[in-house]
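Asks:
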Amino acid sequence: MHGILNINKPAGPTSHDIVAKVRRILKEKRVGHTGTLDPMAVGVLVVCVGKATRIVEYLVGQEKEYSAELVLGRTTTTQDAEGTETSSANASHITPEMVEEALSKFRGQIMQVPPMVSAVKHEGKRLYELARKDIEVERKPRQVTIYELEMTGFILGDRPVVGLRVVCSSGTYIRTLCADIGEALGVGGYMKSLVRNRVGTFRLEDSISLDELQQAAEEGRAEQLMVSMDEALASMPSVDVDSFGEKMIARGVTVAVAGSGNENELVRVRSESGELLAVGRLHLRGAASVVKPEKVFAEAGQ
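Each residue of the sequence shown is one higher than the last, beginning at 1151 in the working numbering.
(1) So what does DSSP say about TYR1340, is it helix, strand or coil?
(2) Would you kindly work out how many angstroms separate the C-alpha atoms of VAL1317 and VAL1417, rounded to a whole number?
(3) Where DSSP assigns a beta bridge to PHE1352, which residues make up the other side?
(4) Quick one, are the C-beta atoms of SER1439 and GLY1409 less than 9 Å apart?
(5) For HIS1166, I'd like the list of residues in its chain whose CB is within less than 6 Å of its CB, leaving aside the five on either flank, ordered along the chain.
(6) Can you tell me whether DSSP reads VAL1391 as helix, strand or coil?
(7) Distance, Cα to Cα, GLU1333 vs GLY1339?
(8) Could you have a look at ARG1371 and say whether DSSP puts it in helix, strand or coil?
(9) Quick one: Cα of GLU1178 to Cα of LEU1434, how far?
(10) Between ARG1453 and the rest of its own chain, which residues show a CB-CB distance below 8 Å, the 5 nearest in sequence each way excluded?
(11) Does the region 1173-1192 come into contact with the region 1292-1310, if we say contact requires no fewer than three beta-carbon pairs (one atom in each stretch) closer than 8 Å?
(12) Would you tell me roughly how many angstroms separate the C-alpha atoms of ALA1231 and MET1341, rounded to the nearest one?
(13) Beta carbon of ARG1315: closer than 8 Å to some heavy atom of the ligand MG?
(14) Starting from SER1217, follow its DSSP beta bridges and name the residues at the other end.
(15) Return the CA-CA distance between ARG1346 and VAL1389, expressed in angstroms with no decimal places.
(16) In angstroms with no decimal places, state the Cα-to-Cα distance between GLU1219 and LEU1360.
(17) Determine the direct distance from the alpha carbon of ALA1382 to that of ILE1205, and round the result to whole angstroms.
(18) Name the residue from ILE1168, ILE1399, GLU1250, ALA1191 whose alpha carbon lies nearest to the alpha carbon of PHE1304.
(19) With DSSP run on the structure shown, which of helix, strand or coil describes ALA1170?
(20) How far does the beta strand (DSSP E) with ALA1406 in it reach, from first residue to last?
(21) Around the Cβ of SER1237, are there at least 16 other Cβ atoms within 10 angstroms (buried) or fewer (exposed)?
(22) With H, G and I counted as helix, E and B as strand and the rest as coil, what does DSSP make of GLY1363?
(23) Would ASN1240 be called buried (16 or more neighbouring beta carbons within 10 Å of its own) or exposed?
(24) Considering only the alpha carbon of each residue, which of ILE1331, VAL1391, GLY1402, ARG1325 lies closest to GLY1233?
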């Protein structure tokens, strides 16, 4: 059983918990996800099964889309609703127009300091492991890209609640974005809720629950719920090889291919029948091109 599952993660369990449940349901050891979603968050968690675990590295950097709620006038230790309050302010004077002006500062390439509750490593330790011991360390800012940022709602009050829609690069921390917007408004803020609506081409409306996966597994149709590796990598250019090239690719041998592309570009290598054989690097040799296999899925001797 090989493929990618679009799981609708519920609030509560960690991403690791979801992977463990999928492993038990499918009775498959090789299971992994392409990007952590916080326990309190819900929405799309892309889970790779079987041979598909080998393409995780090609899926982790995909663009993501979120819906979030930002509460103004309060900050917490974790930048979300589960943390301990660190400051409080009356934010009743904040207007939608002020929020719109603040949002304009966070579109495009911005710098973020990873939160202490993140999985970023510091001297071999995950930051969240240090945070559990009440240890805080200095973190270096990282560049991320906010492609789209819009206000989707505004509820008046001493602590206004702002609805946000965010389309961003991989590695963006929405809790930190909320906290930074609150700081820019001079009243502080934290993330109240988070929904991941999309990871690359995997959308929330197409996701399945663990209960649906369990039922499908019991009925012997779990594989029907999976997206193929080839489809999951559809944003990557493809090249086709003939039967001889297929045998060479299966052995990990560089082969000549038709067509053109960019030097060192990642491509899908497919058979004449459309089967995904490998992911490889394209190298230009004058008027010709060759592909050097990087991850081979076809088996030699097939």
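Idealized CB from N, CA, C, for every residue including glycine.
Keep in mind it's a predicted model, so treat the numbers as computed, not measured.
Replies: In short:
(1) Within the sequence shown, residue 1340 is the residue found at index 190, counting from 1. It is a strand residue.
(2) For the purposes of this step, residue 1317 is identified with residue 167 of the sequence shown, where counting begins at 1. For the purposes of this step, residue 1417 is identified with residue 267 of the sequence shown, where counting begins at 1. About 26 Å.
(3) For the purposes of this step, residue 1352 is taken as residue 202 along the sequence shown, with counting starting at 1. PHE1352 pairs with VAL1349.
(4) Looking up residue 1439 in the sequence shown gives position 289. Looking up residue 1409 in the sequence shown gives position 259. Yes, the Cβ-Cβ distance between SER1439 and GLY1409 is below 9 Å.
(5) For this step, residue 1166 is matched to residue 16 along the sequence shown. There are no such residues.
(6) Within the sequence shown, residue 1391 is the residue found at index 241, counting from 1. Correct three-state label for VAL1391: coil.
(7) Counting from one through the sequence shown, the residue named residue 1333 turns up at place 183. Counting from one through the sequence shown, the residue named residue 1339 turns up at place 189. The alpha-carbon atoms of GLU1333 and GLY1339 are separated by roughly 7 Å.
(8) Indexing the sequence shown from 1 puts residue 1371 at position 221. Of the three classes helix, strand and coil, the one that applies to ARG1371 here is coil, per DSSP.
(9) By 1-based counting over the sequence shown, the position of residue 1178 is 28. By 1-based counting over the sequence shown, the position of residue 1434 is 284. In a straight line, the C-alpha of GLU1178 is about 39 Å away from that of LEU1434.
(10) Since the first residue shown for the chain is 1151 and the last is 1452, residue 1453 is missing from the structure and cannot be characterised.
(11) no
(12) Taking the first residue of the sequence shown as position 1, residue 1231 is located at position 81. Taking the first residue of the sequence shown as position 1, residue 1341 is located at position 191. Near 6 Å, if we compare the C-alpha coordinates of MET1341 and ALA1231.
(13) Looking at this structure, you won't find the ligand MG or any other ligand, since it has none at all.
(14) The residue labelled residue 1217 in the question sits at position 67 within the sequence shown. Answer by DSSP bridge pairing, in chain order: ARG1315, VAL1345.
(15) For this step, residue 1346 is matched to residue 196 along the sequence shown. For this step, residue 1389 is matched to residue 239 along the sequence shown. If you take the alpha carbons of ARG1346 and VAL1389, they lie about 32 Å apart.
(16) Along the sequence shown, read from residue 1 onward, the residue named residue 1219 stands at position 69. Along the sequence shown, read from residue 1 onward, the residue named residue 1360 stands at position 210. Whole-angstrom Cα-Cα distance: 25 Å.
(17) Looking up residue 1205 in the sequence shown gives position 55. Looking up residue 1382 in the sequence shown gives position 232. Whole-angstrom Cα-Cα distance: 9 Å.
(18) In the sequence shown, residue 1304 corresponds to position 154, counting from 1. Of the candidates ILE1168, ILE1399, GLU1250, ALA1191, the one whose C-alpha sits nearest the C-alpha of PHE1304 is GLU1250.
(19) Here residue 1170 is taken as the residue at index 20 of the sequence shown, counted from 1. In this structure, ALA1170 counts as helix in the three-state DSSP scheme.
(20) By 1-based counting over the sequence shown, the position of residue 1406 is 256. Residues 1405-1407.
(21) On the sequence shown, residue 1237 is found 87 positions in, with the first residue counted as 1. The residue is exposed, with fewer than 16 neighbouring Cβ atoms inside 10 Å.
(22) Residue mapping note: residue 1363 aligns to position 213 of the sequence shown, counting from 1. For clarity, residue 1363 is Leu in the given sequence; the question names Gly instead. Correct three-state label for LEU1363: helix.
(23) Your numbering for residue 1240 matches position 90 in the sequence shown. The residue is exposed, with fewer than 16 neighbouring Cβ atoms inside 10 Å.
(24) Translated into positions along the sequence shown, residue 1233 becomes position 83. Taking only the C-alpha atoms, the option nearest GLY1233 is ARG1325.
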